[in-house]
Amino acid sequence: MSQLRTVFLEALTSRVTAQEPVSLYDPVHYILQLGGKRLRPLLTLMSAQMYGASIDQSMDAAIAVEVFHNFTLLHDDIMDAADLRRGKETVHVKWDVNTGILSGDAMLIMAYQLFNSYDPETFYELNQVFSKTALEVCEGQQYDVDFETRDDVTIPEYINMIKLKTSVLVGCALQMGAIIAGVDKKEQELIYDYGINLGLAFQLMDDYLDAFGNPETFGKEVGGDIRENKKTYLYLKSVEDEGCATELKEWFAMDYQEMNDEQIETKKETVKVFFEESGGAVATQDAIKTYTDKALNIIEQLAISDDSKKQLTAFSLDLMSRVS
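Quick note on numbering: full-length UniProt numbering labels position 11 of the sequence shown as 11, and the sequence is numbered without any gaps.
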């Protein structure tokens with residue numbers, strides 16, 4: 001996997017090159033070079049390989065996924081007023097909000113341009129899946145924003161939101177690899193469903209680490225979801241406990257823009273205690289395992305070699321074993 005990541009990073013650097021004006025493209029290169037797991041493009045490359053296509057054939061699609069994903073992060077950071085991304089200044093902090101918006105727009109267009117290297121039939125299929133996914137990601141982001149000011153969000157609503165905001169792009173990344181390899185629709189749907197469940201487990205893990213992760217290695221502000229009153233799975237399971245519900249809802253009714261730094265830190269630490277005492281933390285860990293197991297079960301149904309199944313299983317388990 002490390003070798004595949006190295007090949008991808010070399011291609012990313014060589015194919016997304018410096019352009020003018022630098023004030024538009026420097027932020028693009030900045031966010032693309034911040035690091036990260038490169039989960040989505042690696043899944044595109046892995047999927048294509050497992051079904052018989054070459055890395056070179058699938059590379060442009062993999063880069064498109066990564067450019068699009070980072071575009072969403074760039075705009076998310078603006079909407080969330082986040083100061084850090086992967087331990088570094090966010091684009092709108094390092095430059096300004098207007099630059100962040102415009103550079104993000106450019107990244108979305110650049111992602112679509114990368115499909116131009118494929119034959120017309122493959123281009124059409126990739127574009128169909130990618131466009132559907134891009135719109136779903138926007139829907140998920142809007143639900144996420146809406147939920148911040150609602151006090152009646154349900155767990156099914158939340159799961160649907162993170163499916164749209166996170167999981168569909170994981171599924172799309174895998175399906176695009178399968179499309180490039182020319183597999184049938186049924187198999188495409190199966191590998192997509194694997195991605196959906198892996199993505200749900202991944203996002204629930206991210207939610208958990210947002211509260212309980214290590215600030216030095218998490219790469220984002222620990223407690224950012226608490227600060228912004230996001231109704232995560234942790235929160236929704238915790239308010240099911242009547243002993244914690246009233247106080248938790250009071251904390252989540254507070255606007256962080258009207259709080260000083262000390263008050264925000266107090267809120268974070270207090271809410272984390274409620275998450276643990278209510279059983280919300282354990283329930284979230286259980287949900288992570290449930291979706292991980294669903295993803296692993298789908299692997300066994302895929303029309304790929306036993307070696308590929310082992311590789312995909314190992315990748316899934318390694319991804320979900322992160323503790324910070």
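Note that CB positions come from ideal geometry on N, CA and C, so glycine has one too.
Remember, predicted model here, so these are calculated numbers, not experimental data.
Judged by DSSP in its simplified three-state form, L84 adopts strand. Beta-carbon to beta-carbon, F147 and K230 are separated by about 7 Å, close enough to satisfy the 8 Å threshold. Of the other Cβ atoms in all chains shown, fewer than 16 fall within 10 Å of the Cβ of G52; this residue is therefore exposed. Residue pairing from DSSP leaves E247 without any beta-bridge partner. Across the structure, D306 and A48 are spaced so that their CA atoms are roughly 16 Å apart. E89 and N260 have their C-alpha atoms roughly 21 Å apart.
Looking at the DSSP output, E89 shares a beta bridge with L84. For the pair D193 and E262, the Cα-to-Cα distance works out to about 43 Å.
For the segment 21-77, the full-length alpha helix (DSSP H) segments reaching 4 residues or more read 22-32, 39-50 along the chain. According to the DSSP assignment, V170 belongs to the alpha helix (DSSP H) that extends over 168-181.
For L312, same chain residues with a beta-carbon under 6 Å away, outside a window of 5 residues either side, are I299 in chain order. By the neighbour-count criterion, in which a residue is buried when 16 or more other Cβ atoms sit within 10 angstroms of its Cβ, F123 is exposed. The beta carbons of M320 and A201 sit about 6 Å from each other, so the pair counts as a contact at 8 Å.
T166 is a Cβ neighbour of G199, given a cutoff of 7 Å. Counting along the chain, L312 sits inside the alpha helix (DSSP H) bounded by residues 306-320. Residue state for D152 is assigned as coil, using DSSP reduced to three classes.
It is roughly 17 Å from the alpha-carbon of Q188 to the alpha-carbon of S54.
At the C-beta level, L32 and N70 come within 7 Å of one another. Counting along the chain, M205 sits inside the alpha helix (DSSP H) bounded by residues 185-212. For R38, the closest alpha carbon among the candidates A11, Q19, L24 is that of A11.
Residue state for M254 is assigned as coil, using DSSP reduced to three classes. Per DSSP, the continuous alpha helix (DSSP H) segment holding F147 begins and ends at 120-147.
Proximity to G224 across L248, D184, A173, Y256 peaks at Y256, based on C-alpha coordinates. Put simply, the backbone Cα of G35 is about 24 Å away from that of K163.
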